[in-house]
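Residue numbers (this note's numbering), protein chains in the order written: chain A, 280 to 709; chain B, 280 to 709.
The next block holds one structure in the form of structure tokens; read it before the comments.
Number of protein chains: 2
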Amino acid sequence: MDIVEIINKKKNGKILTANEIQFFVDGVCSGKIKDYQTTSLLMAICLNGMTDEETYCLTMSMARSGKMLNLDDVGVCVDKHSTGGVSDTTTLVVVPVLASLGIKTAKMSGRSLGFTGGTADKMEVFKGYNTEISTDKFVSLIKENNASIISQSADFALADKIIYKLRSDSGTVENLSLIASSIMSKKIACGAKIIVLDCKYGSGAFMKTKKDCKKLAKLMVEIGKRAGIKVCAVISSMQQPLTEFVGNNFEVYSSIKVLSGEKNNLRELSCYLASAILVLSERCKTILEAEELVKNAIDSGSAKQKLRQIVKSQGGDDSIIDSPETLLNCKNKFEVQTDKAGYISKIDTAEIGRISHDLQKIDGVVKRQDDVGIILNVKLGDKVNLSDKLATMYYNNLDDLPELAKRLKNCFVVGKKPKKNKLIECVIGV
Amino acid sequence: MDIVEIINKKKNGKILTANEIQFFVDGVCSGKIKDYQTTSLLMAICLNGMTDEETYCLTMSMARSGKMLNLDDVGVCVDKHSTGGVSDTTTLVVVPVLASLGIKTAKMSGRSLGFTGGTADKMEVFKGYNTEISTDKFVSLIKENNASIISQSADFALADKIIYKLRSDSGTVENLSLIASSIMSKKIACGAKIIVLDCKYGSGAFMKTKKDCKKLAKLMVEIGKRAGIKVCAVISSMQQPLTEFVGNNFEVYSSIKVLSGEKNNLRELSCYLASAILVLSERCKTILEAEELVKNAIDSGSAKQKLRQIVKSQGGDDSIIDSPETLLNCKNKFEVQTDKAGYISKIDTAEIGRISHDLQKIDGVVKRQDDVGIILNVKLGDKVNLSDKLATMYYNNLDDLPELAKRLKNCFVVGKKPKKNKLIECVIGV
Chain A
280 MDIVEIINKK KNGKILTANE IQFFVDGVCS GKIKDYQTTS LLMAICLNGM TDEETYCLTM
340 SMARSGKMLN LDDVGVCVDK HSTGGVSDTT TLVVVPVLAS LGIKTAKMSG RSLGFTGGTA
400 DKMEVFKGYN TEISTDKFVS LIKENNASII SQSADFALAD KIIYKLRSDS GTVENLSLIA
460 SSIMSKKIAC GAKIIVLDCK YGSGAFMKTK KDCKKLAKLM VEIGKRAGIK VCAVISSMQQ
520 PLTEFVGNNF EVYSSIKVLS GEKNNLRELS CYLASAILVL SERCKTILEA EELVKNAIDS
580 GSAKQKLRQI VKSQGGDDSI IDSPETLLNC KNKFEVQTDK AGYISKIDTA EIGRISHDLQ
640 KIDGVVKRQD DVGIILNVKL GDKVNLSDKL ATMYYNNLDD LPELAKRLKN CFVVGKKPKK
700 NKLIECVIGV
Chain B
280 MDIVEIINKK KNGKILTANE IQFFVDGVCS GKIKDYQTTS LLMAICLNGM TDEETYCLTM
340 SMARSGKMLN LDDVGVCVDK HSTGGVSDTT TLVVVPVLAS LGIKTAKMSG RSLGFTGGTA
400 DKMEVFKGYN TEISTDKFVS LIKENNASII SQSADFALAD KIIYKLRSDS GTVENLSLIA
460 SSIMSKKIAC GAKIIVLDCK YGSGAFMKTK KDCKKLAKLM VEIGKRAGIK VCAVISSMQQ
520 PLTEFVGNNF EVYSSIKVLS GEKNNLRELS CYLASAILVL SERCKTILEA EELVKNAIDS
580 GSAKQKLRQI VKSQGGDDSI IDSPETLLNC KNKFEVQTDK AGYISKIDTA EIGRISHDLQ
640 KIDGVVKRQD DVGIILNVKL GDKVNLSDKL ATMYYNNLDD LPELAKRLKN CFVVGKKPKK
700 NKLIECVIGV
């Protein structure tokens, strides 16, 4: 087999065989296929597409290209994955809830990337929490506590790691088959047998439209089915940050408040995701029935207790669970106001995510600072009067403040009519 | 400007600006743009195309990316370029003819590549001939003799050199804009003001169909026009080797025979190409009038005398011009016969070119041998009886002979009806 022939085949709109895709993935890992050949094929895939069968083959070849975690010894494990958003802290709620209900949850999380936050970063807000424990320790903690949250190891889905990096530098990010196979290859390699996908659409998601988001969700559910894994996908809105809190400390604060009973969008979505897992794992018959269980796990305090156990088991300081307001310790704040009265009709959510990252910059370079961030004072549909607060920026570094304030203000569009935003659109695969 | 944005723009079917194309070419040369970004853009160009304006901008940016030869001091110079074929020795006829008629001809030639031969290699059949003289010497020889034939220097069109290499390894060869800009950037950098393009189509050409060949020709003529250069393109058939002789010595023999008065396809095409130049340079009003001049230059012996001068001026031994049969000195030959009676209906010309290269292999590696090659005993449309000779292979190395003989035999398709092949299709741009 020859990679140039394979590239030409895809260039000419032909369907690649499982063997050809395996040859490509093997070559990417061994280095026999050069980066410039990989990106050429990736662009041909972007423009000529892949069938579901090809996408499945690519997913499986990438899943097998690195270490594969076998969790059979632990029993059926569940996993939850978000396609990425702003102020998206559902993992910190969903995992303790499920674990407190006896569902074994094996969660490998990512780091902050682009405009999105990273759960691994947020877990490290609990001082001393170790996200880099060995997979053996990971497995034993799932056995003990029903849950562990660690940082995604680079040992899994090696080919995806190489391809992912090349995609962002070669303009080949936006393609459903490439996105779906990247996500699912890692999930499959990590050994969970039941997965709930939180597929987000809107101004703060990678999928800008509901339509594309549903397509991606269906494709991932289909891949899971073929791979013998139970997968469902919840389609949810990222037209605005999930909560008013953006930034590591703020988001951890927000998740502790929800586990303490606060009712908001984070609670609503987390409950729905956890409920989908309970149905998928046949613990409950309907989402409605499952939601009762989930709400009880929160309201009884058992989910919060489980979070405490997870944090302590991996060396984290659990004191902030009792006093979350200590997380809101950033001294300097700057308020952004509206110069127009009306209704909040649009929020550039990705830009808010980027500003939150840029708040951590010192001399132009992001140096992780958990205490900075943004608190939104309005949400979609809210009525605002002239000079009302839109958002408050918390910062340590003054340098870029005027520029960031200007950008933050531009994130909000004030229109003439109230406009509502539906959080949960539907669920696919349950 | 950002290369990923430019790639995404082309991926989304947008038209690139002259500045964006210049940024790309500059980045390719400086190394700031990585190979894997280059090939990603090249694939997007292959699949989404380029406008004539974009193709022109790419050509000019690449032309300016290396050394540019200024021939103003010499006066108006002409150039001739073939898109590549088998047994294509027109340069060795056209250049002396034009030079003998007082037309200044600046010819930079390529080496043998893929299935095609290379004029620079053929000139070195004249023992001692130096194809690597300095451009200063090149210019002074054109002043003195009206002509010089040298090897194309890598100093010209640097970006094209890098991109050309990547294209063949990344499945991005077949695209009219990329092919046209590659050819024309080098031509423009080499300083000629009048160019005749020999655009070949068929089984021994890069363009397999007449239609694609004409498209490419029109595009190149258009680029020339925009660049202020007079260009015309002759569309000719490469459905069979131009003459019965394939291989360096054989082809030089063939060209000397034509300059000595032999009438065949090589003479016909060479005369047409030279005539097109005479019309383009306004020396003659019509092709018919020009052909009279050209034929006279050959039949009077003045073109052959000019070849002698060109060869001697660059240190070559001109004795073979008087005794060309000494070139046919390969001792071992193997005849391939037909096992079917009928008419020659198809010849796999590219494969004949490849076999001719493979005859030079020693232990699997091509080690240039000028004396080996193939003489065809039939041409398209010829009637053959059972066991008639199809072609004769001349070889030094026995190792691969059975395999090569089998391949050579398979190059000929014997059909039921006679089929004629028209050599010259038309001329574009005169």
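Even for Gly, the Cβ is constructed at its ideal location relative to N, Cα and C.
All values derive from a computational prediction rather than experimental measurement.
* Asked: Can the beta-carbon of L606 (chain A) be found closer than 7 Å to that of I599 (chain A)?
  -> Closer than 7 Å, so yes.
* Starting from I286 (chain B), find everything on chain A with Cβ-Cβ shorter than 7 Å and list it in chain order. => S449 and G450
* So with Cβ pairs under 7 Å, would you call Q316 (chain B) a contact of chain A? -> yes
* C-beta neighbour in chain A for V283 (chain B), strict 7 Å -> yes
* In angstroms with no decimal places, state the Cα-to-Cα distance between N608 (chain B) and Y673 (chain B). => 9 Å
* Proximity of S344 (chain B) and A438 (chain B) at Cβ, strictly below 7 Å -> yes
* chain A contact residues for C325 (chain B), given Cβ-Cβ distances below 7 Å -> Per Cβ cutoff of 7 Å: K290.
* For the alpha helix (DSSP H) containing I502 (chain B), list its first residue and its last residue. => K489 to R505
* To do: Select from B:K504, B:N424, B:D314 and B:G526 the residue whose C-alpha is nearest the C-alpha of L638 (chain B).
  => B:G526
* **Option nearest K662 (chain A) by Cα separation, candidates A:M463, A:L548 and A:P697** => Comparing C-alpha distances from K662 (chain A) to each of A:M463, A:L548 and A:P697 shows the shortest one belongs to A:P697.
* Step through the CB atoms of chain B and report whether any lies within less than 7 Å of the CB of S319 (chain A). => yes
* Taking I654 (chain A) as the reference, which of A:L457, A:C511, A:V615 and A:S624 has the closest Cα? -> A:V615
* Could you give the DSSP three-state label for N298 (chain A): helix, strand or coil? => helix
* To do: Thinking I502 (chain A) and C478 (chain A) are a contact (beta carbons under 8 Å), I'd like their distance in whole angstroms, please.
  => That belief does not hold up - the Cβ atoms of I502 (chain A) and C478 (chain A) are roughly 13 Å apart, past 8 Å.
* To do: Rounded to whole angstroms, what's the CA-CA distance from G483 (chain B) to L377 (chain B)? Just pull it up for me.
  => If I take the Cα positions, the gap works out to 27 Å.
* Asked: Name the DSSP bridge partner or partners of T760 (chain B)?
  -> This structure cannot settle anything about residue 760 (chain B), because the visible part of chain B is limited to 280 through 709.
* Which residues in the same chain have their Cβ closer than 7 Å to the Cβ of K497 (chain A), if we skip the five residues on either side of it in sequence? -> I707
* Identify each residue in the segment 432 to 448 of chain B for which the Cβ-Cβ distance to at least one residue of chain A is less than 7 Å, and report them in chain order. => L445 and D448
* Asked: When the Cα atoms are used, what is the spatial distance from M329 (chain B) to A297 (chain B)?
  -> 12 Å
* Since Q616 (chain A) sits in a beta bridge, which residues does DSSP pair it with? -> A:K668
* What does D329 (chain A) reach in chain B if we use C-beta pairs closer than 9 Å? -> Sequence check: residue 329 (chain A) is Met here, not Asp. Per Cβ cutoff of 9 Å: no residues; M329 (chain A) is ~14 Å from chain B at best.
* **chain A contact for M517 (chain B) (CB, 7 Å cutoff)** => So no, M517 (chain B) is outside the interface.
* Thinking N611 (chain A) and I641 (chain A) are a contact (beta carbons under 8 Å), I'd like their distance in whole angstroms, please. => Not quite, the Cβ-Cβ distance comes to about 14 Å (not below 8 Å), so this is no contact.
* Could you check what DSSP says for K479 (chain A) in three-state terms: helix, strand or coil? => DSSP places K479 (chain A) within a strand segment (E or B) once states are collapsed to three.
* Is any beta-carbon of chain A found at less than 7 Å from that of M322 (chain B)? -> yes
* Asked: From D358 (chain A) to Y335 (chain B), what distance separates their C-alpha atoms?
  -> The alpha-carbon atoms of D358 (chain A) and Y335 (chain B) are separated by roughly 53 Å.
* Exposure label - P375 (chain A); buried when at least 16 CB within 10 Å -> buried
* At which residues does the alpha helix (DSSP H) containing I421 (chain B) begin and terminate? -> T414 to N424
* Inspect the beta-carbon positions of F302 (chain A) and M280 (chain A) and report whether they are closer than 7 Å. => Contact flag set, yes.
* To do: Could you check which residue in B:I577, B:L392, B:A385 and B:S449 has the C-alpha nearest to that of A471 (chain B)?
  => That would be B:A385, whose Cα lies nearest to the Cα of A471 (chain B).
* State the Cα-Cα distance for the pair I458 (chain B) and T368 (chain A), rounded to the nearest angstrom. => 52 Å
* Could you name the residues of the same chain whose beta carbon sits closer than 8 Å to that of Y273 (chain A), not counting the 5 residues immediately before and after it, in chain order? => This structure gives no information on residue 273 (chain A), because the portion of chain A shown stretches from 280 to 709.
* Cα-Cα separation between E570 (chain B) and L538 (chain B), rounded to whole angstroms -> 15 Å
* Report the option in B:I312, B:F529 and B:K489 whose CA atom is closest to the CA atom of Q648 (chain B). => B:F529
* Asked: Relative to the C-alpha of I429 (chain A), which residue among A:K658, A:R633, A:I634 and A:G594 is closest?
  -> A:G594
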